[in-house]
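I have placed the structure first, in the form of structure tokens, so that the comments after it can refer back to it.
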Amino acid sequence: MSAVYCVYWVTKRVYGTRSTTAVNASHFEQYCFDEHIQSSTTTAFLVPSLPPFHYRLWHPMSNPIADNLDYFTQQQETSTSSNKPFNQHEYHLSLRHHHHTRLQQGDPISSPSSPNDALQDYSPFALRRPDPSLWHSFVRRMSGVVPFPSTMPEQDDDDDNIAPAPYSEYTSPFGTAAQYRPPPMLGEDDNLPSMEEVVQEGIRAATSAELKENYFEHPFESDTSAPGSTELPPTAPWDTRPINDAVADAFEKYDEELLTLWKQKPTSEELAQYLKLSLKEPDLDPKKEADKESDKDRRSMHRIDLQYGEIKWTVVRSNVDFYYLDMRIGMSNKFRGGSFGNSQDVRPPFPAGVRVVANRTLASMMLKENDKEEELLKRRSELEQYLRELVRRSKAEFHHELREFLEISDISIVRDMGWKGKEGFFEYREVPTSALVHKIRRTNWTKQWIIIRDSYIAFCKDVHSQVPTDVLFFDTELKVNQDFGFARIHNYHVSLSNATRRLEFKGKAAEGLYESLKKVRSESPWVLGHRYKSFAPMRLNVKAKWFVDGHEYFEAVADAILSAKSEIYIEDWWLTPQLYLRRPPKGNEEYRIDRLLKRKAELDKVKIYIVIYRSMAVALPLDSQHTKNWMQNVHPNIIVLRHSNIATSPFWAHHEKILVIDNRLAFIGGLDLCFGRYDTHSHDLTDYLAGDERNPEVFPGQDYSNPRVKDFTKVSRYDMETIDKRLTPRMPWHDIHVGMVGQPARDIARHFIQRWNFIKSTTRARDRTEVPYLMPKGEYVSSRDEKKFRGTCRVQIVRSSAEWSLGIPREHSIYTAYMECISKAKHFIYIENQFFITATDSEDKQIKNMIGEALVNRIERAYREKEKFRVIVVIPSAPGFEGDFASPDRRSMALRSVAHYQYMSISRGSRSVLGRLHQKNIPAEEYIGFYSLRNWGRIKQPEQSPPGSNIKDDSPLDSIATVVGGENSNNNNNNVGGGFLGRSNSGKQNRKRSRQKNGTNGGSEEQVRRSRQDSLKNRSQYPDDRMDYVTEQVYIHSKLMIVDDKIVICGSANINDRSQLGNRDSEIATVIEDTDLVPSRMNGVPYNASRFALTLRMNLFKEHLGIDSRSASVQLSEGKQWKSNKLQSNLVMDPLDDTFFHEVWNRTAKENTDIYHQIFRCVPDDTVPTFEVHRRFVPDPNRIPAGHIADPANWPEKRILDELNKIRGHLVTFPTEYLCRDNMLASIVQEAVPPAVFT
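Each residue of the sequence shown is one higher than the one before, counting from 7 in this note's numbering.
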């Protein structure tokens, strides 16, 4: 027989209007009480249905503690022992319909479009028993930064944000309850604080309360523990008892009862012992202590102190409240047939003395003034015993009246939720702050269950709700006020406002709501001012680790995902499901990211939430719709949201790269989880060794990429190769990421959740029931893992966010952090960034950020005070966009425009950094230098395509004409090389190629074949393999600044207006200062440097200079490798040492640059001042493939190798004089596009 529960159909007439309402039996009595309806006038019907907790246990926001590995492993063992097969989806019936893109049975599935087919091949991996200790082993490895001895060091051994945002449905940016603030349009409200304002703000923050130690530890500590104590709460059963102990984990026991309740199994009494309660005398108002009214309250009111594990809260109830609780449970128990498990009333006897007192109070009779103190204490003791017994007799889910009485909702008892404030039913409404809000928002009163936490307020339909209907985040603009209405009932009103919304509450317990909000306003770190005006406070004792290049980071991502127990948050500019986190793919098939996430979602029931930038297909080839469809078809527990807003922000993108595991571990930086990002320290250019099993393919399909030659295309065909590995080198990718454990991970998770909820409330996702509102974890959480893995770093999260991206007023704390750190630098600044577009003059009308001015001012101060000071900037030699510098066509617009503004910032004109220094007669070369990275390699030439490749021998991709002419391009993606672009074609040639593409010339295939034959003929005319040697820039995608070997800023923000202004691209970064000081040297004298900053900088220097043993490339001869580890460390330790800077750093960069210039003639190049010289300098692309030897007739293989073996590392000089005499913006198309798109 199907399970049933009772529903009452209630019909009532109000002023002649008749209405019928369906009321759940569990709420029937409360409904009648609130609506003043007599229960005898209603009619009841039994409706077949599954029990509510059947669904709740598997809802995306169900208790994460119950859905852990240990619990399901135990259930599987139990089922196996009873000879009953274990079905992981036995209770997951309601999730099949969650995703509209999910393929139904019988639908045609074509490979490779189906992720399920791609995943099933490796299903044995998903059946392996995961190791619960993975999290612990991974975080221990987080401490594995480059070792640094106490003595002198001796060591052993994207996103390209120039894309317009696509169209999306435009609604109010604040969804269910928010104040509408129109986001600024292009060029509006881009002003930034001056340098003086930044400095003053830094001084103010330095003296604020956020620097106090206990501020970060226990902002809501009860008075029973000393502030700053590292001691765990007295009862934390999940931290002290293993799962198989007689007394099981409290939260897991709670959800186990939920699972067995519908089977009508006896309820264990062990659960009740974890809910500790005691009745005490209520706290009195000091102003009314001598009042008779106060004495009356003391005799009739009781303070109930409750604790469940680490969660503590207080409830104040009167004698009458206890009396009503007993009556309501009795009535409800009668109507429901026994809410305590049977039809009999099993309530404990209600204390007779309290009943008498309650009746006297209800009859408006005064209490006896001579009521003895011992009688009062006796009644309180009897009530405490009554309440304890009531809790013991109740089931794990509790009666809803008892839940309301104790202020326990379904999301109250959740691990790591932190401080628990007031909960209860309140009426609230949105108070309009503009005429537009009044039109688009309903402002009538709504009754819901309200939950106060340390950083937000949540709204739920009732105490049984597993997910909130809305979440309001507290911020520094939080204001709380109280007022009194005219009516006798509900006359206490509370108003609440933050930076974007204003709400008004009323209810019988509104005074308690006000007290909780006052505590939040005075003590929550989220409402206090923070350094850099960031949304997040500074965190102390943080363990952090840096990752250089994709290999290190992707390895860590794989380990982190495997360690996840409850939830995973991912936000990326681009996410490719078919990305392999471990290489080579052969032998690591299970480490493809979609397969890893499928395993965690399917076996461990981990909830996975993904946010990706909703790119526009005509502007970017990211195909975010493909990513969403693919990932959501992997498993119902994976939910994907896309976002952008063409109406208010047509040019801006979500540029963050975020990964958060269980709210305890987070990664941010420059690396998206997508194609083209994986790389090692050696930055190899080639990946073509056909038939060599010892060297399997590392970059499959479109992961072998060179965006300067040909951008990604049709990414849904992920195994298709877009460039020919036999002719074109890949473009290496250099990047940096940071991982953090503990409170900063909570801050990053809060930022992610805030964006998730914003997207949920402002897009069509608001109507998708499978997309829940999320709630951040609490501020005060005494997690054993976080205490065990404490580090030595001071960390603060900063961001660039605004109305369009997050629904908040503009925040540019990343920019403020850059400006303040530069102005306070004492010795040295090291910058690695994808771009360098900045202004040195406030009169600049196109570029707003003044990072360039801050650098100039700091250098000028050092010159004036005769201080040794140095800035090293490492950026790509050419922007990573397809096109030809010498071509004015639309395809090259992004390349030329970005390069133009970058040169205007660095060296062109009087407002550039170098121009300003020269105007002040400052020898710029002594204070600042610009550098790039480049590598060389050898392409192996087999006779046939590699096994598994989609490129046929006679494919157009095999021809040089295709590589440089783009015959196979669908969007006019013709290109002329990667960093060594060839001569531009004449108008006649362009028109001819256009006719071929449109089918007007039937000889195109024959031309391709002839071109390929010509290429092979040219190759065969040389007696050696000189045409196999290639070069390409190492594309620098890092977003890093290191100051004085003390402070590190690392994240997703570039040095340009798009990233820095706050109201353009959305960004996130971290400011890290390690308090673990190690001995070093600065300007030739002993110096205490921060371990985190120093080890990172030294690692980067050694990699760039070729003295890092880990990055020894096969191209470097033994004679050119640095041999001594001690020499390696000492050589790069002191960045101000003149010998190092001139004889090692500058000399290496110049010698490497000269060799590349002679052999490959790649551009940009300082000897090429005009377009005309450019056309003569670059070899003919129809004769020489892009990146190959420029003059093969005069360069035999032996001579080539002799010169290339002189190259050390990847460091080269940045060409500041390239095309200095021509205007790179001389195009009608470019001049018609707003400059803000490129700056």
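Positions of the beta carbon are idealized from the N, C-alpha and C atoms, including for glycine.
Q | Inter-residue Cα distance where the pair is threonine 1173 and arginine 545 | A | For this step, residue 1173 is matched to residue 1167 along the sequence shown. For this step, residue 545 is matched to residue 539 along the sequence shown. Put simply, the backbone Cα of threonine 1173 is about 49 Å away from that of arginine 545.
Q: Would you kindly report the start and end of the unbroken beta strand (DSSP E) that includes phenylalanine 1183?
A: The residue given as residue 1183 occupies position 1177 in the sequence shown. Here phenylalanine 1183 belongs to no beta strand (DSSP E); instead the alpha helix (DSSP H) covers 1177-1183.
Q | Local conformation of cysteine 827 per DSSP, three classes | A | In the sequence shown, residue 827 corresponds to position 821, counting from 1. Cysteine 827: helix per DSSP, three-state reduction.
Q) Anyone know if the C-beta pair for histidine 833 and asparagine 1152 falls short of 9 Å? A) On the sequence shown, position 827 is the one that residue 833 refers to. On the sequence shown, position 1146 is the one that residue 1152 refers to. No.
Q.
What would DSSP say about leucine 1231, mapped onto helix, strand or coil?
A. Here residue 1231 refers to the residue found at position 1225 when the sequence shown is read from its first residue. Annotated three-state conformation of leucine 1231 is coil, per DSSP.
**Q.** Contained beta strand (DSSP E) runs [length at least 3] in the segment 1056-1108, N- to C-terminal order
**A.** 1073-1080, 1083-1088, 1091-1096
Q) Using the beta-carbon count (16 or more within 10 Å), is lysine 926 buried or exposed? A) Mapped onto the sequence shown, residue 926 falls at position 920. Its Cβ having fewer than 16 others within 10 Å, lysine 926 is exposed.
Q.
In the DSSP assignment, the beta strand (DSSP E) including tryptophan 658 goes from what residue to what residue?
A. Here residue 658 is taken as the residue at index 652 of the sequence shown, counted from 1. Taken as a continuous stretch (DSSP letters only), tryptophan 658 belongs to no beta strand (DSSP E), as it is neither H nor E.
(Q) Within 10 Å of its beta-carbon, does tryptophan 739 have 16 or more other beta-carbons around it, so buried, or fewer, so exposed? (A) For this step, residue 739 is matched to residue 733 along the sequence shown. The residue is buried, with at least 16 neighbouring Cβ atoms inside 10 Å.
Q | Classification of tryptophan 451 by the beta-carbon crowding that lies within 10 angstroms, buried from 16 upward | A | Numbered from its first residue, the sequence shown carries residue 451 at position 445. With fewer than 16 other beta carbons inside 10 angstroms of its own, tryptophan 451 counts as exposed.
**Q.** Check whether lysine 428 and glycine 518 have beta carbons under 9 Å apart
**A.** Here the question's residue 428 lines up with position 422 in the sequence shown. Here the question's residue 518 lines up with position 512 in the sequence shown. Against a cut-off of 9 Å, the Cβ pair of glycine 518 and lysine 428 comes out as a contact.
**Q.** Residues near tyrosine 597 in its chain [Cβ-Cβ closer than 8 Å; skip 5 each side]
**A.** Position 591 of the sequence shown, counted from the first residue, corresponds to residue 597. Closer than 8 Å at Cβ, skipping near neighbours: Ala564, Tyr586, Leu587, Arg588.
Q) Would the beta-carbon of asparagine 450 be found less than 8 Å away from any heavy atom of the ligand SAH? A) As far as ligands go, the structure on display features none, and thus does not contain the ligand SAH.
Q) Cα separation between histidine 687 and histidine 536? A) Working through the sequence shown from its first residue, we reach residue 687 at position 681. Working through the sequence shown from its first residue, we reach residue 536 at position 530. Cα to Cα, the separation comes out at about 37 Å.
(Q) Going by DSSP, what residue range makes up the beta strand (DSSP E) through methionine 746? (A) For the purposes of this step, residue 746 is identified with residue 740 of the sequence shown, where counting begins at 1. 742-747 is the span of the beta strand (DSSP E), which, as asked, contains methionine 746.
Q.
What does the Cβ neighbour count give for alanine 1199, buried or exposed, with the cut at 16 atoms within 10 Å?
A. One-based indexing of the sequence shown puts residue 1199 at position 1193. That one is exposed.
Q: With DSSP as the reference, please indicate the residues paired to isoleucine 644 in a beta bridge.
A: Position 638 of the sequence shown, counted from the start, is the residue given in the question as residue 644. Note: isoleucine 644 is bridge-paired with Ile614 in the DSSP secondary-structure output.
Q | Per-residue burial, proline 1092 [other beta carbons within 10 Å of its own, 16 or more giving buried] | A | Walking along the sequence shown from the start, residue 1092 turns up at place 1086. Proline 1092 is exposed by the Cβ-count criterion.
Q | Beta-carbon proximity list for leucine 389, same chain, < 7 Å, skipping 5 on both sides | A | Position 383 of the sequence shown, counted from the first residue, corresponds to residue 389. Contacts found: Leu285, His308, Phe328, Pro357, Val360.
Q.
For valine 880 and valine 640, what's the separation of their Cα atoms in angstroms?
A. For the purposes of this step, residue 880 is taken as residue 874 along the sequence shown, with counting starting at 1. For the purposes of this step, residue 640 is taken as residue 634 along the sequence shown, with counting starting at 1. Using only the alpha carbons, I get a separation of about 40 Å.
Q: Return the first residue and the last residue of the alpha helix (DSSP H) that serine 911 is part of.
A: Position 905 of the sequence shown holds residue 911. Run containing serine 911: 899-912, per the alpha helix (DSSP H) assignment.
(Q) Going by the DSSP bridge assignment, what does alanine 672 pair with across the sheet? (A) Along the sequence shown, one-based indexing puts residue 672 at 666. BP columns for alanine 672 point to Val666, Met746.
Q | Contacting residues, own chain, Cβ-Cβ under 6 Å from alanine 672 (five flanking each side not counted) | A | Working through the sequence shown from its first residue, we reach residue 672 at position 666. So the list reads Val666, Met746, Ala751, Ile754, once near-sequence residues are dropped.
Q: Have a look at the DSSP bridge pairing and note the partners of glutamate 873.
A: Here residue 873 is taken as the residue at index 867 of the sequence shown, counted from 1. DSSP lists no partner for glutamate 873.
Q: Give a yes or no on whether 9 Å exceeds the smallest Cβ distance from lysine 794 to chain B.
A: Considering every chain present, this structure includes no chain B. It has just one protein chain.
(Q) Among the candidates Tyr434, Ala364, Ser471, whose CA atom is the shortest distance from the CA of glutamate 410? (A) Within the sequence shown, residue 410 is the residue found at index 404, counting from 1. Of the listed residues, the one whose Cα sits closest to glutamate 410 is Ser471.
Q. By DSSP, does valine 326 sit in helix, in strand, or in coil?
A. As a working mapping, residue 326 is identified with position 320 in the sequence shown. Three-state result, valine 326: helix.
Q. Just how far apart, CA to CA, sit serine 528 and leucine 534?
A. As a first step, residue 528 must be located in the sequence shown, where it is residue number 522. As a first step, residue 534 must be located in the sequence shown, where it is residue number 528. Each residue's Cα considered, the two are about 8 Å apart.
Q) Could you check where the alpha helix (DSSP H) with histidine 557 kicks off and where it finishes? A) If you number the sequence shown from 1, residue 557 lands on position 551. Looking at the DSSP string, the run of the alpha helix (DSSP H) that includes histidine 557 is 555-569.
Q: May I ask you to report which of helix, strand or coil DSSP gives glutamate 866?
A: As a first step, residue 866 is located in the sequence shown; it is residue number 860 there, counting from the start. Of the three classes helix, strand and coil, the one that applies to glutamate 866 here is helix, per DSSP.
Q | Straight-line gap, leucine 691 to phenylalanine 1166 (C-alpha atoms, nearest Å) | A | Taking the sequence shown and counting its residues from 1, one reaches residue 691 at position 685. Taking the sequence shown and counting its residues from 1, one reaches residue 1166 at position 1160. Looking at the two C-alpha atoms, the distance is approximately 15 Å.
Q: Put glycine 935 into one of helix, strand or coil per three-state DSSP.
A: For this step, residue 935 is matched to residue 929 along the sequence shown. Looking at glycine 935 - three-state DSSP - the assignment turns out to be strand.
Q: Using 10 angstroms around the beta-carbon of serine 893, count the other beta-carbons present and answer buried if the total reaches 16, otherwise exposed.
A: Along the sequence shown, one-based indexing puts residue 893 at 887. Result: buried.
**Q.** Cα-Cα separation between serine 1072 and leucine 939, rounded to whole angstroms
**A.** Within the sequence shown, the letter at position 1066 stands for residue 1072. Within the sequence shown, the letter at position 933 stands for residue 939. Those two C-alpha atoms are separated by around 27 Å.
Q. Grouping DSSP H, G and I as helix and E and B as strand, with all else coil, what is alanine 1192?
A. Here residue 1192 refers to the residue found at position 1186 of the sequence shown. Coil.
Q: Would you check if the segment 900-910 and the segment 1210-1230 touch, i.e. whether three or more CB-CB distances between them fall below 8 Å?
A: yes
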